[in-house]
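Enquirer: Supplied in structure tokens, the structure appears directly below.
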Amino acid sequence: MENSTATAGDYALEARGLSKSFGSFYAVKDVDLKVRRGTIHALIGPNGAGKTTCFNLLTKTLTPTAGQVIYEGRDITGLRTAQVAKLGLVRSFQISATFPHLTCLENVRVALQSNHGKSFRFWSPLSAIRSLDPRAVELLEQVGLADAAHLQATELSYGKKRALEIATTLALDPKVMLLDEPTAGMGHEDLEPITELIRQVSAGRTILIVEHNLSVVSSLCERITVLQHGELLTEGTYDEVSNNEDVITAYMGGVDAL
Amino acid sequence: MTRTLWLGLLLVALIAAPLAIYPVLLMSILCFVIFASSFNLLLGYAGLLCFGHAMFFGTAAYVAGYLLKTYGVSVEVALIAGTLLSAAMGYVVGIISVRRSGIQFAMITLAISQFVYFLLLQAEFTGGEDGMQRIPRSTLFGIFDVSDHMAFYYVTLTVAVLAVAFFYRVVHSPFGEILRAIRDNEPRVESLGFRPERYKILAMTLSAGLAGLAGALKAMVFQFATLTDVSWPISAEVILMTLLGGLGTLTGPMLGAGIVILMNDELAQFGEWALIAQGVILLLVIIFFRRGVVGELSALWRRLRPSPDQNQDRG
Ligand SMILES: Nc1ncnc2c1ncn2[C@@H]1O[C@H](COP(=O)(O)OP(=O)(O)OP(=O)(O)O)[C@@H](O)[C@H]1O
Ligand SMILES: [Mg+2]
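Line by line, the protein sequences are chains P and U. To convert, note that position 253 of the first sequence is 253 in the UniProt record's numbering; the numbers rise steadily by one, no gaps. To convert, note that position 257 of the second sequence is 257 in the UniProt record's numbering; the numbers rise steadily by one, no gaps.
Next comes the structure, spelled out in structure tokens:
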């Protein structure tokens with residue numbers, strides 16, 4: 001396995017013995033996960049396997065019951081969501097997460113304000129942050145939304161909303177992006193552009209992606225981790241994982257796509 | 001361009017208004033325009049529903065009244081003191097309540113306001129059930145006599161214009177943009193590296209300060225402050241004004257304030273029926289004009305004449 005030659009410094013993000021229980025129920029149990037720097041890594045598993053909970057733990061939206069999160073060699077288990085984001089570990093959400101009553105430009109500009117240091121200025125006119133607009137437009141162009149800059153996010157089609165989310169996330173110039181089902185609920189016509197977009201923005205970044213569409217997974221991801229009932233089932237390349245007996249059993253019923 | 005023209009016309013009308021309309025009624029409307037804007041800042045732009053907004057309004061009314069009666073401070077000192085005190089109160093209430101959202105936030109603010117009501121009822125200086133009477137209108141800047149209604153109207157108008165300008169600045173500032181984002185999707189704002197509670201606490205502080213300004217001004221307009229000013233009906237009335245005029249629109253709640261005050265004035269002669277009429281109107285608005293007067297009008301305008309600069313009043 002190529003993995004065995006890797007040293008600790010090769011990983012952008014690591015989970016060690018990560019667990020989260022709600023009462024007596026473990027949504028995530030003792031999960032070890034290593035995401036190599038510069039790769040696209042998939043996290044898959046049947047519904048309710050604990051993928052979103054994992055994301056919540058990795059970005060500190062939830063506090064783990066046990067275990068550690070290591071980001072760029074640093075233990076971030078004790079930090080808050082906002083601090084984690086500032087360090088360059090940024091997530092998207094499973095349900096579309098735009099700011100519906102802000103324009104596309106404003107959506108992206110909010111994220112750009114995060115590192116601009118003027119976000120508490122209630123006395124300044126908006127011209128104080130106009131200097132961010134060119135960058136915001138650039139990001140919108142990158143995801144194909146240049147024409148929509150002045151539309152409210154709520155007016156966009158579903159696929160375009162997801163693209164806007166990616167532009168917003170990119171505005172923080174994250175080192176590691178966690179994408180929770182970026183293609184969920186999309187029609188076929190939107191799948192190809194979003195896949196392409198993810199491939200394009202992965203340059204110089206590390207991406208961990210939760211994805212149900214296995215053709216998207218196989219075309220994008222170098223390594224795949226499979227969760228089931230909150231526990232790690234297996235990890236490997238697409239071929240290794242798709243031929244694994246346990247995985248085929250776990251996906252019984254939904255196996256056609258494999 | 002046309003907007004500047006309309007604003008100019010409005011200002012001229014406001015300057016001439018006391019020639020035709022009883023100044024105290026006008027001043028009362030202006031006070032509530034400030035109060036409604038302060039509420040709109042919280043609910044319309046930060047998504048925070050405060051059920052106890054009267055605590056900021058009424059406490060400032062007492063404080064301004066007390067300073068005027070006891071120390072004979074000048075008008076602007078009383079206004080500034082009321083504003084600052086309420087802003088400080090808003091900061092504290094914010095720290096206590098802002099981690100909760102939705103109905104929990106509403107209930108916490110209601111509970112705190114009931115507590116404030118109780119404190120003011122017990123306090124010596126407020127005059128308890130009788131309220132604080134005969135608050136003098138002292139001089140402006142220590143020199144100008146503004147004690148008659150006509151002169152005080154122009155003081156009130158100036159303060160209201162400044163307050164509305166301040167409100168406009170806040171919602172169209174870098175901070176205002178983050179605030180609207182929090183209203184739309186708080187977890188997302190947090191995931192982008194912000195600490196939403198800090199922005200909400202600042203919003204509470206600014207909003208409470210504006211409410212305090214309105215209350216202090218009101219104490220001078222009517223020359224008395226009573227427990228009514230801190231009570232639930234006033235908190236409810238500002239909610240009514242906001243919904244009636246149009247939540248989340250810039251001008252709606254101000255218009256709502258005007259409508260409600262005029263309506264109360266007209267209906268006053270019918271006693272208890274005034275309350276029933278208010279209830280019915282609120283019900284009709286909720287059923288038929290969910291976006292409020294300004295919200296419905298601008299929706300209609302957009303449907304009739306779609307233009308690139310639509311949604312002007314949004315955001
Ligand atoms: N806050 C919570 N309280 C209680 N149970 C929870 C909570 N969050 C998640 N769970 C449970 O934890 C399990 C894992 O949920 P999670 O959302 O992580 O699954 P998932 O793998 O993302 O599923 P999907 O593919 O449907 O998105 C589910 O059984 C869910 O009901
Ligand atoms: Mg999920």
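Beta carbons: idealized from backbone N, C-alpha and C, even for Gly. Bear in mind the structure is a predicted one, so any value in this text is a computation, not a measurement.
#1: Pull up the DSSP beta-bridge partners for E14 of chain P, would you.
#2: Pick out the complete alpha helix (DSSP H) segments inside the region 77 to 106 of chain P, 4 residues or longer, and give them in chain order.
#3: Would you mind reading off the limits of the beta strand (DSSP E) that contains V210 of chain P?
#4: Secondary structure at A27 of chain P, three-state DSSP: helix, strand or coil?
#5: CB-CB under 8 Å to I112 of chain U, same chain, minus the five flanking residues each way: which ones, in chain order?
#6: Is there a Cβ from chain P that is less than 7 Å from the Cβ of G47 of chain U?
#7: Looking at ligand 1, does it come within less than 6 Å of K29 of chain P, judged from the CB to the closest heavy atom?
#8: Where does the unbroken beta strand (DSSP E) through L223 of chain U begin, and where does it stop?
#9: Would you tell me roughly how many angstroms separate the C-alpha atoms of I103 of chain U and F39 of chain U, rounded to the nearest one?
#10: Count the other C-beta atoms from every protein chain shown that fall within 10 angstroms of the C-beta of V12 of chain U, then say buried if there are 16 or more, exposed otherwise.
#11: Can you tell me which of the three DSSP states G246 of chain U falls into?
#12: Return the chain-ordered list of same chain residues with a C-beta closer than 6 Å to the C-beta of A257 of chain U, the five sequence neighbours on each side being excluded.
#13: The beta strand (DSSP E) that contains R223 of chain P, what's its start and end?
#14: Please check the pair A268 of chain U and L213 of chain U, which I expect to be a contact at CB under 8 Å, by giving their CB distance rounded to whole angstroms.
#15: Could you check whether the region 176 to 194 of chain P touches the region 210 to 227 of chain P, counting it as contact only if at least three pairs of C-beta atoms, one from each stretch, sit closer than 8 Å?
#16: Quick check on the burial criterion: 16 or more other C-beta atoms within 10 angstroms. Buried or exposed for P136 of chain U?
#17: Under 6 Å from any heavy atom of ligand 1, does the C-beta of K51 of chain P make it?
#18: Residues bridged to E235 of chain P by DSSP?
#19: Give me, in chain order, the residues of the same chain whose beta-carbon lies closer than 7 Å to that of E155 of chain P; leave out the 5 immediate sequence neighbours on both sides.
#20: Is there at least one Cβ from chain P nearer than 7 Å to T2 of chain U's Cβ?
#21: Is there at least one non-hydrogen atom of ligand 1 closer than 6 Å to the beta-carbon of G185 of chain P?
#22: For chain U, check one thing: does any of its Cβ atoms lie closer than 7 Å to the Cβ of F55 of chain P?
#23: Does E186 of chain P come out as helix, strand or coil in the three-state DSSP assignment?
#24: Specify the secondary structure class of Q152 of chain P as computed by DSSP and reduced to three states.
#25: By alpha-carbon positions, which one of U:Y22, U:L67, U:E76, U:L43 ends up nearest to F224 of chain U?
#26: Report yes if the CB atom of E177 of chain U is closer than 7 Å to the CB atom of A82 of chain P, and no otherwise.
#27: Does any residue of chain U have a CB that is nearer than 7 Å to the CB of A85 of chain P?
#28: If the cut is a Cβ gap below 8 Å, which residues of chain U does I146 of chain P touch?
#29: Buried or exposed for D309 of chain U, please, with buried defined as at least 16 other CB atoms from any protein chain shown within 10 angstroms of its CB.
#30: Is it buried or exposed for P253 of chain U, if we count other Cβ within 10 angstroms and need 16 for buried?
#31: Check the Cβ of V69 of chain P against every Cβ in chain U and list those closer than 7 Å, keeping chain order.
#32: Grab me the residues of I15 of chain U's own chain with a C-beta within less than 6 Å of its C-beta, minus the 5 sequence neighbours each way, in chain order.
#33: Helix, strand or coil for F120 of chain P, going by three-state DSSP, please let me know.
#34: Quick check on G193 of chain U - is its C-beta less than 7 Å from some C-beta in chain P?
#35: If you measure from the beta carbon of residue 340 of chain U to each beta carbon in chain P, is any gap under 7 Å?
#36: So which residues of chain P does E190 of chain U contact, with C-beta pairs closer than 9 Å?
Expert: Straight from the coordinates:
#1: P:K34, P:I70
#2: Every alpha helix (DSSP H) of 4 residues or more that sits fully in the region 77 to 106 of chain P is shown, in chain order, as 81 to 86.
#3: 206 to 210
#4: strand
#5: Exclusion of the five residues before and after I112 of chain U leaves G52, M55, V93, I96, S97 as the residues of its chain whose Cβ lies within less than 8 Å of its Cβ.
#6: no
#7: no
#8: It should be pointed out that residue 223 of chain U corresponds to Gln in this sequence rather than to Leu. It is not in any beta strand (DSSP E) - Q223 of chain U carries neither H nor E in the DSSP assignment.
#9: 16 Å
#10: exposed
#11: coil
#12: F32, V33, A36, M241
#13: 223 to 228
#14: That pair is no contact at about 26 Å.
#15: yes
#16: exposed
#17: yes
#18: P:T225
#19: If we look at E155 of chain P and ignore the five residues flanking it on each side, it has no Cβ neighbours.
#20: no
#21: Answer for G185 of chain P: no, Cβ out of range of ligand 1.
#22: no
#23: A small fix is needed here, since residue 186 of chain P is Met in this sequence, not Glu. Reduced to three states, the DSSP call for M186 of chain P is coil.
#24: strand
#25: That would be U:L67, whose Cα lies nearest to the Cα of F224 of chain U.
#26: no
#27: yes
#28: The question names Ile, yet the displayed sequence has Ala at residue 146 of chain P. Going along chain U, no residue has its Cβ under 8 Å from A146 of chain P, so there is no contact; the nearest lies around 16 Å.
#29: Low per-residue confidence applies at D309 of chain U: pLDDT is 48, beneath 50, and the placement is therefore not dependable enough to give any value.
#30: buried
#31: Going along chain U, no residue has its Cβ under 7 Å from V69 of chain P, so there is no contact; the nearest lies around 15 Å.
#32: none
#33: Under the three-state reduction of DSSP, F120 of chain P is assigned to coil, being neither helix nor strand.
#34: Answer yes: the Cβ-Cβ gap between G193 of chain U and chain P drops below 7 Å somewhere.
#35: The question about residue 340 of chain U has no answer here: the residues shown for chain U are numbered 1 through 315.
#36: T61, R80, T81, A82, A85
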